[in-house]
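Structure record follows, encoded as structure tokens.
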């Protein structure tokens, strides 16, 4: 019998480089606090020289979500591009070791290196990111394996990947395969910069989606709303399920006429918000794949996000299963 | 005016790969809990495939000590060998970014890769290590820069480096330069496996040392003692200062007729003991370079060790200066 997947994810394959800095450093470097900026290799290396001691941990938004889901007990597969270098091997190990199926061929020798994301953590535990996309840009239609997507219940795509013709063609092919096989499609807006850069494309995508993930700033940017209630009214009906994360205020799920507001308990010690949205999606999708009611999905998402922000990095090195009670 | 160093350190240049495991895994893999085992590349890769998700952080015993000292405000330099690969660049960045002088030429292309240490953390926060020494074995006399050692007050050498003729020749050359320039020499026994493997050589070294670092198990192995008091009596007079770490029991400094027992306060949350001994040495040497009394040196060492065991990895990503009050 062929293996079945709860979710097949499509995203950037990135190793995070985590370090602490002051707000003044972000300002001096023109980095927009709380968001992600794409940088070229030279700028990435220049920033790396300026940061203090760092630690490396596998990342990538959808990859983080899938690692979290696998850790919760889901069956998941990832499609994304590394290079054949040491960081690519680390990224591959970290996904496979937690049980994520991951067999996208690495970029050939001489191609750009494995992507890295410089994560700057300020004293308020907020994270600001500068990503060198490297080998990720080479993900293309040829990497989209129909047999894998056909075996998944949900195809999950990150907005960050909406970048360059190769990647967009890969996304379109994956979505059309999912549709042809009667699968659900979920998408995350990823970042306000993505929304600003691709607003029309993302709005056009909405009617093809079953689930949309966004944080408060992203959904307001997408809907050009002044407050969250206006945004809720605007997205209602455009997509069957819209899950909105709101940091310490918990999350909101908009499903047709229903709006579920799900609070989140305060965390003991806020260390680093990297991965909070990704792990919310992990808990939510894990619940959804098990046909839990939407408020329960959001509640599990909140719990996973609450766990990840209490340590450094977007991946939990310990199993998350105990969060499913 | 030429730069002056509080400490010039000689050690292995290693990137740590940290992951969690159960005690049963160590037993099944024949790894001796709490100690370090040297493994070849094939065994290292086989173990890596078996471990769960991991995170990478620069390591190496003396390198950890120097990074800690720089973070405390000391001027320090490191001599050790990486390869020209991604992990070598990460190791170099992490030392240089905190202010450690580090300019040992990397091993040439085609040589073994940068060393890695698989650090297995058990639920009791104890760490067990399997090290693939890689490029470190290529450190040789040619890497020992007389002008750097001559500008340091203390030469600090790790016992782990006592491995192979290249490395031993490098250690001997460094020690003879330090002596010729009237500098102090400090040494750490590193691990009980080092003591068992090189006991006669280490005992012969003692008369050439000014400061010896050891933990309780190591000093008892070196002196073939049945308890700590017997060990203290045995080392007294063999080396001017012997600093012994005892985990939650604090530390002991033996200096001629004087024995200083310095307790350590309990820590809020024990996460990972990786680097505890290295950071004790950082605090101790930082104090010693500032002519603090020995109990004060040990007290600062205890505080640095207490800080590092409350998070994952042997390097603090935040400055340690606030510990010097």
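Chains as they are written, first to last, in my numbering: chain E, 1 to 325; chain U, 326 to 650. Heads up, the beta-carbon is just placed ideally off N, CA and C, and yes, glycines get one too.
Within 8 Å (strictly less), CB to CB, does residue i reach chain E?
i: residue 493 of chain U; result: no
i: residue 642 of chain U; result: yes
i: residue 378 of chain U; result: yes
i: residue 638 of chain U; result: yes
i: residue 585 of chain U; result: no
i: residue 457 of chain U; result: no
i: residue 392 of chain U; result: yes
Quick check on residue i: does DSSP put it in helix, strand or coil?
i: residue 337 of chain U; result: coil
i: residue 285 of chain E; result: helix
i: residue 628 of chain U; result: helix
i: residue 2 of chain E; result: coil
i: residue 107 of chain E; result: strand
i: residue 199 of chain E; result: helix
i: residue 541 of chain U; result: helix
i: residue 363 of chain U; result: strand
i: residue 184 of chain E; result: strand
i: residue 226 of chain E; result: coil
i: residue 243 of chain E; result: strand
i: residue 93 of chain E; result: helix
i: residue 115 of chain E; result: strand
i: residue 308 of chain E; result: helix
i: residue 497 of chain U; result: helix
i: residue 83 of chain E; result: strand
i: residue 211 of chain E; result: strand
i: residue 190 of chain E; result: coil
i: residue 620 of chain U; result: helix
i: residue 271 of chain E; result: coil
i: residue 139 of chain E; result: coil
i: residue 205 of chain E; result: helix
i: residue 318 of chain E; result: coil
i: residue 144 of chain E; result: coil
i: residue 387 of chain U; result: helix
i: residue 492 of chain U; result: helix
i: residue 650 of chain U; result: coil
i: residue 504 of chain U; result: helix
i: residue 43 of chain E; result: helix
i: residue 68 of chain E; result: helix
Which residues in chain E sit within 7 Å of residue i, going by Cβ to Cβ distance?
i: residue 411 of chain U; result: 85, 86, 87
i: residue 415 of chain U; result: 56
Within 8 Å (strictly less), CB to CB, does residue i reach chain U?
i: residue 97 of chain E; result: yes
i: residue 117 of chain E; result: no
i: residue 282 of chain E; result: no
i: residue 135 of chain E; result: no
i: residue 48 of chain E; result: yes
Per DSSP, residue i forms a beta bridge with which residues?
i: residue 19 of chain E; result: E/120
i: residue 356 of chain U; result: None; residue 356 of chain U has no bridge partner.
i: residue 7 of chain E; result: E/76, E/154
i: residue 102 of chain E; result: E/78
i: residue 57 of chain E; result: E/16, U/380
i: residue 580 of chain U; result: U/583
i: residue 132 of chain E; result: E/116
i: residue 236 of chain E; result: E/239
i: residue 127 of chain E; result: E/121
For a contact defined as C-beta to C-beta under 7 Å, what are the partners of residue i on chain U?
i: residue 20 of chain E; result: 642, 643
Starting from residue i, find everything on chain B with Cβ-Cβ shorter than 7 Å and list it in chain order.
i: residue 419 of chain U; result: As a matter of chain content, chain B is missing from the structure shown, whose protein chains are E and U.
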